[in-house]
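Going down the list, the protein sequences come from chains H and Z. Anchor point for the first sequence: position 25 equals 11 in my numbering, and the numbering is continuous, going up by one each time. One rule links them: number in my numbering = place in the second sequence (from 1) + 1. Report on the following structure.
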Amino acid sequence: MSRLLLLLLALGTAASLAATDLPAPASPLAGTWHIDAARSTELSPWRDYVFTLTVDGDRVTIARRFGSGRRQFADALTVDLSRPDNVVPVSLWPDNRHLGAYIGGDRTKRVRGEWLDAGRVLRLSTDLVLSTQQGERPVNILSDYKVSANGTRLTLTELRSTRNRPVVYSFTRAPAASK
Amino acid sequence: MKLRLLFLLVAVAAASAAQALVQEDSVIARLEPKKVAHAPAAATLVPLSENWRMDGDIPVHALLISLQGLANRDQPRLYLEYPTHWQWEIVRPLIGFLEKRHGVKFNRLGVNDAETALALYVKHAKGVVVWDGSVRSSLIVAFTVAGVEDLVVITADQLPLAAKHGLPVVVDLRGKFAGKTDAQIYQWAYDQYFERCSRDYYVVMGGHAGAEMQPGVADFGIRQRAFFTDLSSNPKHPEELALLNKILGRQNVPSIVLGWHSYAKDTEGQHTTLVGNYGLIMEGLHNLPNVSFTSQIPLTPDFKFTNNHTVKLGESRAAEKKVYIAAVATDAMGIGTWTKPGRGKIPYTWQVLMNWAWMNPPALQYFYEDKSPNDHFIGGLSGPGYMYPKAIPADKWPALTAVGRDLMKRLDLRILEIMDYSEGNRHVGNTDLPKAVVDRYYDQYPDATGFINGYGSARTFDLRGGRPLLSYDYYLSIERPVEEAAADLEELIQLNPQRPYFLLMHVRESNTVEKVADMLGRLSESVEVVPLDVFLQLAAGAKTYRTYHQQPTDAVDHNP
Chain H
-13 MSRLLLLLLA
-3 LGTAASLAAT
7 DLPAPASPLA
17 GTWHIDAARS
27 TELSPWRDYV
37 FTLTVDGDRV
47 TIARRFGSGR
57 RQFADALTVD
67 LSRPDNVVPV
77 SLWPDNRHLG
87 AYIGGDRTKR
97 VRGEWLDAGR
107 VLRLSTDLVL
117 STQQGERPVN
127 ILSDYKVSAN
137 GTRLTLTELR
147 STRNRPVVYS
157 FTRAPAASK
Chain Z
2 MKLRLLFLLV
12 AVAAASAAQA
22 LVQEDSVIAR
32 LEPKKVAHAP
42 AAATLVPLSE
52 NWRMDGDIPV
62 HALLISLQGL
72 ANRDQPRLYL
82 EYPTHWQWEI
92 VRPLIGFLEK
102 RHGVKFNRLG
112 VNDAETALAL
122 YVKHAKGVVV
132 WDGSVRSSLI
142 VAFTVAGVED
152 LVVITADQLP
162 LAAKHGLPVV
172 VDLRGKFAGK
182 TDAQIYQWAY
192 DQYFERCSRD
202 YYVVMGGHAG
212 AEMQPGVADF
222 GIRQRAFFTD
232 LSSNPKHPEE
242 LALLNKILGR
252 QNVPSIVLGW
262 HSYAKDTEGQ
272 HTTLVGNYGL
282 IMEGLHNLPN
292 VSFTSQIPLT
302 PDFKFTNNHT
312 VKLGESRAAE
322 KKVYIAAVAT
332 DAMGIGTWTK
342 PGRGKIPYTW
352 QVLMNWAWMN
362 PPALQYFYED
372 KSPNDHFIGG
382 LSGPGYMYPK
392 AIPADKWPAL
402 TAVGRDLMKR
412 LDLRILEIMD
422 YSEGNRHVGN
432 TDLPKAVVDR
442 YYDQYPDATG
452 FINGYGSART
462 FDLRGGRPLL
472 SYDYYLSIER
482 PVEEAAADLE
492 ELIQLNPQRP
502 YFLLMHVRES
512 NTVEKVADML
522 GRLSESVEVV
532 PLDVFLQLAA
542 GAKTYRTYHQ
552 QPTDAVDHNP
């Protein structure tokens, strides 16, 4: 093989590398997570809770799906972490359906978020209004999504301003879908 | 002339109002099985085994249940002792009650002893109907045939037993339904037998499906010559639904739908909604046993239905600035926790299945006599039987509410519980009542001192003429651990800062009173647990809740 050919191969390889954006390091929280009921705060009336977290630059999307037999509820939340406030429409407050508390106000929630601990933790602060028999009540929910060191477990801790006891959900990473 | 016209108009209006609220006992008279003068001095008792599999003991159970329906046609003679884990837990305590209060002496046979039972009661049967062991639905058809033709239900394996007792084969369903759908099978039964069946009773022989069947209510259906199916009310099964619509549309209004929807075909919400559309009364327990026996037994002469009323009629009470809690157990009399530890520990409310006043008097007498001073009774569910008010056309209300009023009076009940899952449930949709439906309750139950609504939590609240309508603010799930449930209540107390706060709690079926007492004992907030009549009376005088009715924009979910 001539030196000229080697030079052309090297140039070609360099050019192709330059033409392809190197993928940004993936967030360890990205993926689909399935609840581990045995390690979680009791979930009724739901029996199942799955969410998919995707990261696109500053935008984090969490698509949740709650299920109980034939009954399903799904919602999605996209938060731009660079913004101090994200206004998200809310059709139903699924967090605790045993309570006489329903989405109220203008049926939105205001969410801001940040990465902590070098991207291992996503912290969201959510403000919404719940409607009860006595009227409307502002509520704040602090949600920490923490991934385990080996990346296979995720713990969601939710502190509601109206609840004395934290809600803790443990999730396992769902296997990636085969291509 | 004008004065005469005015007088006439006033008279007509007054007559119409009186008609709307007439005390309607003719419906109950039509539906009610004839009572014997007193309970029998002696009756036969056959214990049944735990196995309810189609390939297990169902053949012998079906034989005995059908024989029971026939033997008890004109007199209560045969009582079946269902196994220890039977859902309707009162079946065994009721034996002792019938012995003690009604003086019945039971002659106990061996477990599943069809041989002796047939020897005793064969004279009440004209022969047998043979069901096809390979086609589950053929057994349900056989129940219809048994009632209409006075036949005992058997399988091919039991033919020698039938022959031994001189019972000829009158109808043989073997091979008749091979390869046919349920819609086709029940259409055949409809064509053959429906005209001879009762227009007052229809049985949905559903509930457990597939490999198991628990036809506890079949004896009563056979006695009443009811038509049996497990047809689906699910739009996914259009042929079955069409036939079911035809059947329900041909029943008297109002009349009784016994049994429960098939767990394999449709949902409770779909079934109850459809029954309500026709203005029928559902008695929803497929494994409710021995009603052919108990329905004929009157109350003992010394007994009168007496509730524990803490509030006297017309009495007013002032609420303090505190949190009041009332606990209500719905559908828990018989299939819940009545016999479990803790009852009597705290004020507790139990929803009464009101039709048992005429359909199952000994059972209701048992509950009323067994109550503790802390047990309070209310009517339900939404009326006489289990019904969804939003699903019932307005013109079908007066006949139903007349029965409801009559039964509340007979049973000394002053509060009515409402539930509507026709547009949602605990998970999705809504469980609320529009103003028009609330209006009807206030108008058509003028003697009710209050109403409660929901099953899961709901948000319909009202107060008219000192009569509150409050919805559940909390649903105590069976799965909920006490520490989380206590945290739930504390959160509700935070979410509702005004005092008094009226926290109405629905306790689901098998949660024990002990669990509820434990949960309440863990609260860091100060609360007072009160009887429901006190709760509503206090709420009548301190309206810290907003009036709310279902809104057109509320989410709707039609029970997929």
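Using N, Cα and C, we set each Cβ at its ideal position, and we do this for glycine too.
So, is the C-beta of residue i closer than 9 Å to a C-beta in chain Z?
i	result
residue 112 of chain H	no
residue 59 of chain H	yes
residue 25 of chain H	no
residue 32 of chain H	yes
residue 52 of chain H	yes
residue 118 of chain H	yes
residue 49 of chain H	no
residue 87 of chain H	yes
residue 126 of chain H	no
residue 94 of chain H	no
residue 82 of chain H	yes
Under 9 Å, Cβ to Cβ, is there at least one residue of chain H near residue i?
i	result
residue 273 of chain Z	no
residue 503 of chain Z	yes
residue 320 of chain Z	no
residue 484 of chain Z	yes
residue 595 of chain Z	In the structure as shown, chain Z begins at 2 and stops at 561. Residue 595 of chain Z is therefore absent and cannot be evaluated.
residue 547 of chain Z	yes
residue 78 of chain Z	no
residue 536 of chain Z	no
residue 451 of chain Z	no
residue 429 of chain Z	yes
residue 558 of chain Z	yes
residue 473 of chain Z	yes
residue 426 of chain Z	yes
residue 445 of chain Z	no
residue 480 of chain Z	yes
residue 457 of chain Z	yes
residue 262 of chain Z	no
Taking 8 Å as the cut-off, is the CB of residue i close to at least one heavy atom of the ligand MN?
i	result
residue 254 of chain Z	Of the ligands one can find in the structure shown there are none, so the ligand MN has no counterpart to examine.
Does the distance from the C-beta atom of residue i to that of residue j stay below 9 Å?
i	j	result
residue 155 of chain Z	residue 123 of chain Z	no
residue 411 of chain Z	residue 446 of chain Z	no
residue 433 of chain Z	residue 555 of chain Z	yes
residue 284 of chain Z	residue 369 of chain Z	no
residue 203 of chain Z	residue 258 of chain Z	yes
residue 50 of chain Z	residue 113 of chain Z	yes
residue 380 of chain Z	residue 353 of chain Z	yes
residue 135 of chain Z	residue 187 of chain Z	no
residue 456 of chain Z	residue 481 of chain Z	no
residue 190 of chain Z	residue 238 of chain Z	no
Please list, in chain order, all residues of the same chain as residue i whose beta carbon is under 7 Å from its beta carbon, the five residues on each side excluded.
i	result
residue 44 of chain H	66, 67 and 68
residue 215 of chain Z	53, 208, 209, 287 and 288
residue 361 of chain Z	292, 295 and 296
residue 198 of chain Z	145, 149, 226, 227 and 228
residue 18 of chain Z	No answer about residue 18 of chain Z holds up, because its pLDDT of 44 lies below 50 and its placement is not dependable.
residue 34 of chain Z	296 and 297
residue 108 of chain H	15, 46, 99, 101 and 131
residue 147 of chain H	125 and 126
Can you give the beta carbon distance from residue i to residue j, rounded, assuming they're within the 8 Å contact cut?
i	j	result
residue 340 of chain Z	residue 90 of chain Z	6 Å
residue 171 of chain Z	residue 140 of chain Z	Wrong, their Cβ atoms sit about 16 Å apart, outside the cutoff.
residue 280 of chain Z	residue 400 of chain Z	7 Å
residue 541 of chain Z	residue 520 of chain Z	Not quite, the Cβ-Cβ distance comes to about 27 Å (not below 8 Å), so this is no contact.
residue 73 of chain Z	residue 220 of chain Z	7 Å
residue 145 of chain Z	residue 229 of chain Z	5 Å
residue 478 of chain Z	residue 85 of chain H	12 Å between Cβ atoms; not a contact.
residue 356 of chain Z	residue 408 of chain Z	7 Å
Identify, in the order they occur along the chain, each residue of the same chain with its Cβ nearer than 6 Å to the Cβ of residue i, setting aside the five sequence neighbours on each side.
i	result
residue 278 of chain Z	392
residue 162 of chain H	none
residue 272 of chain Z	234 and 262
residue 166 of chain Z	119 and 123
Just to confirm my understanding: we take residue i, look at its own chain, exclude 5 residues before and 5 after, and list those with CB closer than 8 Å. What are they?
i	result
residue 37 of chain H	18, 19, 48, 49, 50, 51 and 157
residue 138 of chain H	158 and 159
Problem set entry | Unbroken stretches of the alpha helix (DSSP H), 4 residues or longer, contained in the region 261 to 342 of chain Z | 269 to 278 and 292 to 295
For this session: Pick out the complete alpha helix (DSSP H) segments inside the region 107 to 152 of chain Z, 4 residues or longer, and give them in chain order.
Result: 115 to 122 and 137 to 150
For this session: Please go through the region 58 to 100 of chain H and give each complete beta strand (DSSP E) segment of 3 or more residues, from N-terminal end onward.
Result: 72 to 75
Exercise. Whole alpha helix (DSSP H) runs in the region 428 to 501 of chain Z with 4 or more residues, listed along the chain?
Worked result: 436 to 445 and 483 to 496
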